[in-house]
Amino acid sequence: MLKHGLLGAMFTTLMSTAIADTNSNHSERNGFYGGGTLGFMAVDVDNVDPLFNAGLQVGYHFNDGFAVEAQYTDTLSGGSYDINYGYGSRSIDIDIRTLAAYAVYRSPGSVYFKGRAGVLNEKIGSMSDTGLSAGVGIGFKAGDSAAFEIEATVIEQDVNFISASLNIGF
50 MLKHGLLGAM
60 FTTLMSTAIA
70 DTNSNHSERN
80 GFYGGGTLGF
90 MAVDVDNVDP
100 LFNAGLQVGY
110 HFNDGFAVEA
120 QYTDTLSGGS
130 YDINYGYGSR
140 SIDIDIRTLA
150 AYAVYRSPGS
160 VYFKGRAGVL
170 NEKIGSMSDT
180 GLSAGVGIGF
190 KAGDSAAFEI
200 EATVIEQDVN
210 FISASLNIGF
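Each number in the working numbering corresponds to the 1-based position in the sequence shown with 49 added.
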């Protein structure tokens, strides 16, 4: 419950900030972009260490603030799960790999709100699942073609990806 309240507060703050800064128009951001992302997978399960993931993303901005985006992430480090059997314990390494396609909206401004929703396939160990995913974030334009974004994305019911990304338009 605390996690959902925190995401709601983050969403409200980001919306207020993004709406307050509407000096630039969407036409500056038309075209293809690509970049990298780095963050941690917060797993809401007892005895699981955080996983640090990195990934790549590509997308296309339309002239009205909307975009389509594909993202791939894989675990760099971390991720173990301790199983207690009563007579002993065992630690299992965990990695999370994701591949997603999102519809994205970025508000106008040099500081902007980002929202995205789409379909994601995650592979956790040998198990694979496909479902819906959504995220919110805040972005900062750095010149004409670069943008830095911080966001929280729901991967599945008990896994969230907290990340920072750098995108370059081309």
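Backbone N, C-alpha and C fix where the C-beta goes; we use that ideal spot for every residue, glycine too.
Given the structure is predicted, the values throughout are model-derived calculations rather than measurements.
Count the other CB atoms within 10 Å of the CB of residue i; is the residue buried (16 or more) or exposed (fewer)?
i	result
residue 176	exposed
residue 179	exposed
residue 136	exposed
residue 173	buried
residue 162	buried
residue 115	exposed
residue 141	exposed
So residue i and residue j are supposed to be a Cβ contact under 8 Å. How far apart are they, rounded?
i	j	result
residue 103	residue 122	7 Å
residue 129	residue 143	6 Å
residue 79	residue 110	5 Å
residue 83	residue 211	Their Cβ separation, rounded to whole angstroms, is 21 Å, which puts residue 83 and residue 211 out of contact at 8 Å.
residue 186	residue 200	3 Å
Excluding the 5 residues preceding and the 5 following residue i in the sequence, name in chain order all residues of the same chain whose CB lies nearer than 6 Å to its CB.
i	result
residue 195	217
residue 214	84, 86 and 198
residue 219	81
Could you tell me which residues DSSP puts in a beta bridge with residue i?
i	result
residue 140	131
residue 184	165 and 202
For a test of the three-state rule: what should DSSP assign to residue i, helix, strand or coil?
i	result
residue 111	coil
residue 177	strand
residue 156	coil
residue 101	strand
residue 84	strand
residue 170	strand
residue 219	coil
Just to confirm my understanding: we take residue i, look at its own chain, exclude 5 residues before and 5 after, and list those with CB closer than 8 Å. What are they?
i	result
residue 72	Summary for residue 72: the model assigns pLDDT 43, below 50, so the residue's position carries little reliability; its value from the coordinates is reported in the next sentence. Only 157, 158 and 159 meet the Cβ criterion.
Go through its chain and collect everything with a Cβ distance to residue i's Cβ below 7 Å, but skip five positions before and after it.
i	result
residue 207	92, 93 and 94
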